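Let me begin by presenting the structure, written as structure tokens, before commenting on it.
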Amino acid sequence: MFKFERHDANTFWKIFRKYNSLLDQASETNDLRPLNGGWDRLPVELIAKIFHEMSAEEIARLSGVCHMFRTIIRRSTAFSYKIECHIADVTDGNSQLHNLEERRAKLQRWRAAWKSVRQHWATGPTTTVDTTGNIIFASDGRLLIQQCADTQDVILLRLPSESRGIQAETWRLPHFQFDVDIFCHDSAQDLLIIAEQIDIETADMHILSNRTGLSHTSASTPVIRVKNQDSVDLENADGCIFGTYFALVLRDEDGLGLWGNNLRIYNWKTGELIKSLDGKLIWSIAALDTQHILAPALLPMCEQPCLAIVDCLRGGDDMPLAAEVMEESILAMQLPPLCYPTTYRKVTIWSSPGGITLRNDVPFSPSPSSLLLVLHLEIGLPEDNPDDWDENACPSQERTFIIPVSAFITRLDAIKADQNQFQHHKDEEKAYPRPMTILPWALWGQDARLLPETSVVQGLCGSRVLVSERAGSEENEVIAVYDFSTLASLLEDAAALCKNPNGLSVLSAAPLLRIVTDLTIADGEEPLFYEDGVCIFPANPWDPLKVYSL
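Residue numbers (full-length UniProt numbering): 1 to 550.
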């Protein structure tokens with residue numbers, strides 16, 4: 001990849017000379033020689049970087065070259081669509097179901113709809129859905145699953161999108177003969193995992209199809225049995241699906257993570273237990289991609305907790321079943337340092353539900369590289385408080401950060417590239433394990449966005465976060481959307497962003513766009529964020545569900 005200085009006025013000419021030199025080296029009869037100049041084969045990341053790196057003065061100075069790039073982009077519809085996908089942080093979808101012009105038109109309508117939700121939702125909900133009374137719901141940002149707590153019926157709703165051409169669809173699964181606990185699901189893989197409590201020490205995880213309710217065709221072991229010598233408390237358990245892996249967190253009885261929790265990672269297709277890790281701070285986890293899990297950990301060499309990255313492919317086959325998180329981590333990222341005697345009472349993380357696995361039945365999907373992660377910190381005096389510090393002098397505090405998943409992946413790739421300079425063989429991994437790198441907060445905290453204390457995260461999907469904000473003494477809360485899109489999309493709307501009276505500054509240099517929805521939620525109502533809108537669950541369980549789609 002090219003490397004440029006920020007104020008380098010010769011950026012375009014560097015690319016032009018580099019590209020021409022490559023063409024001169026290629027033979028005229030070489031099949032790899034680009035056709036029509038081959039400019040539409042340039043990486044879209046390079047184009048976005050060019051316009052990001054150059055100031056308005058530099059663009060004016062190099063107007064001739066800018067005009068050349070503009071002409072190239074406009075001549076190629078496919079190249080224009082690739083750049084638009086990169087700016088919108090989406091991945092291209094199924095080209096067999098939707099042609100290029102349709103996908104591009106849908107993307108433009110989708111982006112415009114997100115910018116105008118205030119006007120789009122002013123007339124009320126797009127549609128309403130009847131509920132079944134006392135329900136428990138779960139969503140991966142695409143599919144809503146309703147479980148009736150009284151009858152154990154499971155009803156699924158495909159959430160609609162007018163701009164992407166997704167129609168709402170509802171279906172019911174066959175009645176189950178046991179108490180159903182919807183654990184997690186991934187609609188992109190047609191995967192639904194339902195937990196069944198066998199006894200206090202045992203639970204069965206049923207690997208099912210969310211379309212039929214039958215055993216998933218890709219699962220060689222349709223039921224994964226989970227046993228724990230202490231207890232398997234499904235009410236205090238949590239889990240997530242990332243690719244072929246399924247992570248399960250078994251919390252202790254008090255649910256505070258003070259005496260040790262257990263993280264288990266399974267291959268849901270084979271039923272094999274990949275890892276079993278213990279840690280006092282494993283209250284919650286977050287999937288970074290199809291291979292890596294992020295978990296809070298307390299390391300002996302650090303005074304404060306860290307966020308440890310666990311690689312599911314790392315380690316031998318004879319891995320112990322009770323390893324510490326630090327033994328399986330390749331990178332640990334420190335949390336903000338605190339002054340004595342305050343400490344972190346609780347560290348909670350969660351990432352965008354779904355989104356890691358791409359759908360193949362839509363024109364485009366939010367890119368996995370645009371996913372976000374929420375880091376919620378509860379700060380205060382230690383629970384035991386051995387020195388009898390005055391709690392009034394050290395009041396409890398809560399801080400919420402929004403962090404792009406790419407902040408972890410890029411640093412992890414750099415660490416792996418550095419370690420790969422040494423020879424590490426799988427059979428020698430246990431005897432000579434790779435060292436763990438500890439990254440201080442000062443080296444990665446600049447990528448975190450600290451939300452105002454008046455904002456509460458209600459959900460996140462793709463590069464957007466749904467927050468509720470209470471204005472003054474009003475009883476109802478207003479919900480807004482924070483868009484942490486790529487810088488290129490914000491530069492495109494820089495003038496509108498600067499003139500926006502509803503703009504909100506954040507305690508970070510990272511960019512965002514705050515979208516006011518004018519939607520309010522009353523006490524007892526609960527919002528649900530998904531890829532194409534917001535659902536509002538009523539306070540009265542017998543009232544219909546309101547769906548605000550785009």
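Just so it is clear, CB atoms sit at the ideal spot from N, CA and C, and this is done for glycine as well. This structure is a prediction, so every number in the text was calculated from the model and none was measured.
Inset, instruction - Report yes if the CB atom of Leu550 is closer than 7 Å to the CB atom of Ala113, and no otherwise. - result: For the purposes of this step, residue 550 is taken as residue 550 along the sequence shown, with counting starting at 1. For the purposes of this step, residue 113 is taken as residue 113 along the sequence shown, with counting starting at 1. Taking 7 Å as the Cβ cut-off, Leu550 and Ala113 qualify as a contacting pair.
Inset, instruction - Give me the Cα-Cα distance between Ile349 and Pro296, rounded to the nearest whole angstrom. - result: As a working mapping, residue 349 is identified with position 349 in the sequence shown. As a working mapping, residue 296 is identified with position 296 in the sequence shown. Roughly 8 Å between the two C-alpha positions.
Inset, instruction - Sort out for me which residues DSSP pairs Tyr81 with in a bridge. - result: For this step, residue 81 is matched to residue 81 along the sequence shown. Answer is none; Tyr81 lacks a bridge partner.
Legend entry - Residue(s) in a DSSP beta bridge with Asn261: Walking along the sequence shown from the start, residue 261 turns up at place 261. Its beta-bridge partners are Gly279.
Legend entry - Neighbourhood of Ser370 by C-beta distance below 6 Å, restricted to the same chain and skipping five residues each side: Position 370 of the sequence shown, counted from the first residue, corresponds to residue 370. So the list reads Asp89, Gly462 and Ser463, once near-sequence residues are dropped.
Inset, instruction - Along the alpha helix (DSSP H) that carries Gln108, what are the first and last residues, could you check? - result: Taking the first residue of the sequence shown as 1, we reach residue 108 at position 108. It spans Leu100 to Lys115 - the alpha helix (DSSP H) in which Gln108 sits, taken as one unbroken run.
Inset, instruction - Decide if residue 611 is buried, meaning its Cβ has at least 16 other Cβ atoms within 10 Å, or exposed. - result: In the structure displayed, the chain extends from 1 to 550; residue 611 sits before or after that span and is not available.
Legend entry - For Glu477, the three-state DSSP class (helix, strand or coil): Here the question's residue 477 lines up with position 477 in the sequence shown. DSSP places Glu477 in strand when its eight states are reduced to three.
Legend entry - Pro337 - DSSP class collapsed to helix/strand/coil: Numbered from its first residue, the sequence shown carries residue 337 at position 337. DSSP places Pro337 in coil when its eight states are reduced to three.
Inset, instruction - Compare the beta carbon distance of Glu469 and Val457 with 7 Å and say whether it is the shorter of the two. - result: One-based indexing of the sequence shown puts residue 469 at position 469. One-based indexing of the sequence shown puts residue 457 at position 457. Not closer than 7 Å, so no.
Inset, instruction - Measure the C-alpha to C-alpha separation of Leu338 and Arg345 and round it to an integer number of angstroms. - result: Reading the sequence shown from its first residue, position 338 is the one you call residue 338. Reading the sequence shown from its first residue, position 345 is the one you call residue 345. Rounded to whole angstroms, Leu338 to Arg345 spans 12 Å at the Cα level.
Inset, instruction - Hey, could you find the ends of the beta strand (DSSP E) Ile349 is sitting in? - result: Taking the sequence shown and counting its residues from 1, one reaches residue 349 at position 349. Taken as a continuous stretch (DSSP letters only), the beta strand (DSSP E) holding Ile349 covers Thr343 to Ser351.
Legend entry - Under 7 Å between C-beta atoms of Leu263 and Asp181: Here residue 263 is taken as the residue at index 263 of the sequence shown, counted from 1. Here residue 181 is taken as the residue at index 181 of the sequence shown, counted from 1. The answer is no: Cβ separation not under 7 Å.
Legend entry - Rounded separation between Phe79 and Pro368 - CA only: For the purposes of this step, residue 79 is taken as the residue at position 79 of the sequence shown. For the purposes of this step, residue 368 is taken as the residue at position 368 of the sequence shown. When rounded, the distance between both Cα atoms is 21 Å.
Legend entry - Residue of Thr437, Ala195 and Leu298 minimising C-alpha distance to Gly279: The sequence position of residue 279 within the sequence shown is 279, counting from 1. With distances taken between Cα atoms, Gly279 lies closest to Leu298.
Legend entry - C-alpha gap between Trp441 and Ala448, whole angstroms: Mapped onto the sequence shown, residue 441 falls at position 441. Mapped onto the sequence shown, residue 448 falls at position 448. So the alpha carbons of these two residues sit roughly 10 Å apart.
Legend entry - Distance between Ser406 and Val506 (C-alpha atoms, nearest Å): For this step, residue 506 is matched to residue 506 along the sequence shown. For this step, residue 406 is matched to residue 406 along the sequence shown. Residue confidence for Val506 is low, a pLDDT of 34 falling below 50, so the modelled location carries little weight; the figure read from the coordinates is stated next. Whole-angstrom Cα-Cα distance: 20 Å.
Inset, instruction - Please classify Asp92: does DSSP put it in a helix, a strand, or coil? - result: Position 92 of the sequence shown, counted from the start, is the residue given in the question as residue 92. In this structure, Asp92 counts as strand in the three-state DSSP scheme.
Inset, instruction - Less than 8 Å between the CB atoms is what I'm expecting for Arg544 and Thr131, so what's the real figure, rounded? - result: Stepping through the sequence shown from its first residue, residue 544 is reached at position 544. Stepping through the sequence shown from its first residue, residue 131 is reached at position 131. According to the sequence provided, residue 544 is Pro. The question's Arg does not apply to it. Rounded, the Cβ-Cβ distance is 7 Å, consistent with contact.
Inset, instruction - Indicate, with yes or no, if the ligand MG has a heavy atom lying under 6 Å from the CB of Arg251. - result: The ligand MG is not part of this structure, which contains no ligands at all.
Inset, instruction - Determine the direct distance from the alpha carbon of His292 to that of Lys275, and round the result to whole angstroms. - result: Along the sequence shown, one-based indexing puts residue 275 at 275. Along the sequence shown, one-based indexing puts residue 292 at 292. The straight-line gap from Cα to Cα measures roughly 12 Å.
Inset, instruction - Please work out which residues of its chain come closer than 6 Å, Cβ to Cβ, to Arg104, disregarding the five sequence neighbours upstream and downstream, and give them in chain order. - result: Taking the first residue of the sequence shown as position 1, residue 104 is located at position 104. Within the same chain, Arg104 has close Cβ partners Tyr81.
Legend entry - Distance, Leu412 Cα to Glu328 Cα: Along the sequence shown, one-based indexing puts residue 328 at 328. Along the sequence shown, one-based indexing puts residue 412 at 412. So the two alpha carbons sit approximately 14 Å from each other.
Inset, instruction - Classify Asp361 as buried or exposed, calling it buried when 16 or more other Cβ atoms lie within 10 Å of its own Cβ. - result: Walking along the sequence shown from the start, residue 361 turns up at place 361. With fewer than 16 other Cβ atoms within 10 Å, it is exposed.
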